Each structure stands twice: as C-alpha cells, then as structure tokens.
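Residue numbers (our numbering): 1 to 354.
Contents: one structure, followed by commentary.
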Amino acid sequence: MNVNGTPFRTVWWESGRVRMIDQPLLPHQFRIVDMPTYEHTALAIRAMTVRGAGAIGATGALGMAQAAVAAPDAEFHAHVAHAANHLRETRPTAQNLFAGIDFVLRAIEAEGSNVARSREAAVAAANAFADDDAESCRRIGELGAPIVSERRRVSTHCNAGWLAFVDWGSALSPIYAARRAGADVFVWVDETRPRQQGSQLTAWELGQEGVPHAVIADNATGHYMARGEIDVVIVGSDRIAANGDVANKIGTYTSALAAAANGVPFYVAAPTTTIARHTATGADIPIEERGDDEVLYAWGWSDDGRFMRVRTAPASSRGRNPAFDVTPAALIAGIITERGIVSASVEGIASVAR
Ligand code: MRU
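Dropping the structure here:
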C-alpha cells in the first residue's frame with residue numbers, strides 16, 4: 001500500500017536485516033527501523049514496534065531466517081531451536097506468529113544435516129511466508145469487496161489494515177478493494193483503547209488511501225448502530241479456534257454484542273494462517289494480559305510535537321489490561337478468508353484450514 005504515494009510493505013528482508021515501519025510513531029512520524037539480529041527482531045515484536053497478527057507472523061518467520069543465517073555450523077540445530085523458543089515467547093495470542101516460526105522450521109528440517117542448504121531454505125521460506133500473507137490479504141479484499149459495496153457504512157475495531165499484515169490487511173482489504181472499484185464507502189473507526197490502534201493506525205491508513213472515515217470512542221459504536229448509521233462490522237482476528245470462536249483486540253466482543261442487538265451483520269476477515277486447528281474453542285485461546293500502565297495513562301503527541309504520557313486515573317488505582325477477547329461463533333455472520341467466505345462453525349473452519 002502507499003505512503004504519500006510510495007508503495008511500502010510493513011516488514012521485509014533486506015541483506016540479512018529485518019526492516020519494518022516503526023508503528024508506535026504513527027501517525028505523526030513515518031520511520032523505518034532495522035533489526036540486525038533475531039534477538040532485535042524478537043524485541044521489536046515484544047515491544048510492539050511491529051504489531052498485528054499477520055505482521056508479527058511474517059516478522060517471526062524473518063527472525064527465524066536471521067537465526068539460521070547466524071547459527072554456527074557446529075551447533076546449528078540447537079541454535080535454531082533456541083531462537084524459535086525465544087521468538088515464540090514474545091507474544092502469546094496471535095496464531096500467525098507460531099505459523100510463521102513453524103513454517104521456517106519445517107523448511108530447515110527438510111534439509112536434514114546440510115547446514116548451508118538449511119540457511120538458504122530458511123531465508124527462502126521466510127520470504128515466501130511474508131509473500132503469502134500479502135497475497136492472501138489481497139485475495140480477502142477481492143472476496144470481501146461485494147459485502148462492502150452493498151453495505152457501505154462499515155464499522156471496524158483495532159487495526160486490521162495493511163500495517164497489521166505484510167500488505168493490504170484483512171478487515172480493511174475489502175474496504176480498499178471496494179473503494180478502488182468506485183464504491184462510496186464510509187468507515188467508523190473505533191479508537192481502540194488502550195493502545196489506540198484505531199485512531200493511530202487505521203485512521204492513518206484510511207487517510208493515505210483517501211477513504212472517508214470518522215474516529216469514535218469505542219463506547220460510541222452501539223449508539224451509531226442503534227441509530228441505523230452502521231451497515232456492517234468487519235474486524236480482523238489474532239486467532240480463530242476450530243469451532244469458529246474468534247480472538248481479536250479487546251472490545252471486539254462488545255462490538256459483536258451491540259451488532260447482534262441491532263441486527264448488524266458482524267464479519268471477521270483473516271488469512272487461514274490465523275486458524276488454530278488444535279485450539280478447540282475460544283476458551284482455549286491464551287489471552288495476553290499487558291501492564292496496567294497502558295490503562296492508567298494515556299499516550300499521545302502534544303501540539304508542539306512531543307510524545308507524552310499523562311496519567312488519567314488516580315495515583316493509587318491499579319488496573320487490568322487484557323489485550324484480546326473472544327467473540328463466540330454464534331455472533332459471527334461469516335469469516336472472510338483467502339479461500340472463501342465460510343461460516344464460523346466446525347465445518348466452515350475445517351473447509352478452509354491449512
Ligand atoms: O496491536 P496488537 O498486535 O496487540 O493487536 C493485534 C491486532 O492488530 C488486532 O487484534 C487486529 O484486529 C487483528 S488483525 C491483525
């Protein structure tokens with residue numbers, strides 16, 4: 001997708017380095033940062049320099065390639081296994097991270113004891129995984145665009161745009177495709193407390209693509225649904241269980257409940273790398289619990305260009321900060337994948353799972 005007219009991906013491989021857009025600086029600064037080793041790449045995932053399920057999946061795969069390139073001949077497989085564990089421990093919920101790491105591990109294992117070929121296979125597999133993410137998201141846009149063309153006032157939560165993947169995005173991809181085909185689209189952007197992925201990332205992306213939108217407080221979504229101003233909800237996902245339950249950014253479940261109460265169809269868009277076939281139901285999905293400072297403080301840019309945090313809660317208060325929640329399959333109208341739009345059910349998920 002374009003940044004001021006220049007095409008960019010969210011994360012990519014360049015001469016052994018993993019390069020990525022520094023997402024916490026958006027929307028006020030656009031900067032590319034380089035990760036020279038897999039340890040730096042892991043830290044970038046943990047610190048949310050790169051974020052969003054597809055993007056951290058590709059980053060995990062590219063980190064594995066860095067580990068393979070740097071691993072000494074003598075302890076190659078032990079080194080690679082250690083790196084895989086290190087990358088796995090960065091964040092617990094997004095299935096794409098584990099899919100990316102395992103994809104590269106399988107490519108390495110296929111080369112047996114030939115270390116030189118294993119290194120080459122790791123780099124090729126990591127780049128193929130990233131390309132696959134971009135192509136799957138492009139296809140999700142193609143398949144989901146008719147939904148948006150018909151129901152043109154769309155609500156979305158968090159950021160499931162191209163910044164959350166390698167390119168195109170999941171929930172925003174049908175919006176981009178419909179808009180490029182001439183549909184008169186409008187997007188209601190939940191700001192997405194506490195990390196503001198909606199107001200900082202989704203709104204910025206939509207602006208770059210010229211899509212009309214309004215940022216609203218998360219708790220305003222039900223209000224606009226009740227007034228008949230939202231035709232459809234499309235969100236992304238960090239992990240889809242085998243029964244069609246969906247984990248996504250905290251607040252998604254509330255939006256799904258409001259949509260059900262108001263007869264608004266609620267869709268999830270995700271590449272099939274987000275499906276966890278061995279996670280039976282939403283109750284089995286590990287939910288990341290983050291530090292309560294994200295809730296007790298607000299972060300932002302002052303008018304004179306300084307990145308600041310201000311405390312909004314009493315000094316003596318503590319908080320709780322689950323990063324994701326689970327929307328039960330029964331609330332979901334359909335799951336838009338690159339392999340088709342399927343029901344949120346055991347049969348629907350099995351029909352597209354890899
Ligand atoms: O910012 P994160 O990595 O904590 O959030 C992940 C997400 O981007 C969302 O949950 C998103 O809606 C899922 S689609 C990648």
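Even glycine gets a Cβ: it sits at the ideal position worked out from N, Cα and C.
Please read all numbers here as calculations on a predicted model, not as lab measurements.
* Asked: What is the C-beta distance between S15 and S155, in whole angstroms, given that I count them as a contact (C-beta under 8 Å)?
  -> Beta-carbon to beta-carbon, S15 and S155 are separated by about 42 Å, too far to satisfy the 8 Å threshold.
* Span separating the alpha-carbon of I140 from that of T6 -> Looking at the two C-alpha atoms, the distance is approximately 23 Å.
* Hey, is N248 close to ligand 1, as in C-beta under 6 Å from one of its heavy atoms? -> Ligand 1 approaches N248 closely enough that one of its heavy atoms is under 6 Å from the residue's Cβ.
* To do: Give every residue of the same chain whose Cβ lies closer than 6 Å to the Cβ of A94, excluding the five residues on either side of it in the sequence, and list them in chain order.
  => Counting only Cβ-Cβ distances below 6 Å, and skipping sequence neighbours, we find A53, I56 and D238.
* Under the criterion of a Cβ to heavy atom distance below 6 Å, does A53 qualify as lining ligand 1? -> Short note on A53: C-beta closer than 6 Å to some heavy atom of ligand 1.
* To do: Locate the beta strand (DSSP E) running through H28, then write down its first and last residues.
  => From DSSP, H28 is part of no beta strand (DSSP E); its letter is neither H nor E.
* Within this structure, are the beta carbons of A203 and V215 separated by less than 7 Å? -> Contact: yes.
* Boundaries (first-last residue) of the beta strand (DSSP E) holding I285 -> Segment: none, I285 is in no beta strand (DSSP E) and carries neither H nor E.
* From the DSSP output, which residues share a beta bridge with A315? -> Residue pairing from DSSP leaves A315 without any beta-bridge partner.
* Asked: What's the gap between the Cα of A116 and the Cα of A107?
  -> Annotation: A116 to A107 spans about 13 Å, alpha carbon to alpha carbon.
* Does the segment 300-319 come within contact of the segment 253-273, defined as at least 3 CB pairs closer than 8 Å? -> No contact exists between the segment 300-319 and the segment 253-273.
* Check whether the Cβ of G141 sits closer than 6 Å to any heavy atom of ligand 1, and report yes or no. => Outside the cutoff, so no.
* What span of residues does the alpha helix (DSSP H) with M48 cover, start to end? -> No alpha helix (DSSP H) holds M48; DSSP gives it neither H nor E.
* Asked: Between G178 and V148, which are expected to be in contact by the criterion C-beta below 8 Å, what is the C-beta distance as a whole number of angstroms?
  -> The sequence given here places Ala at residue 178; Gly does not occur at that position. The C-beta distance from A178 to V148 rounds to 4 Å, short enough to fall under 8 Å.
* Asked: Can you tell me the Cα-Cα spacing of G340 and G144, whole angstroms?
  -> About 9 Å.
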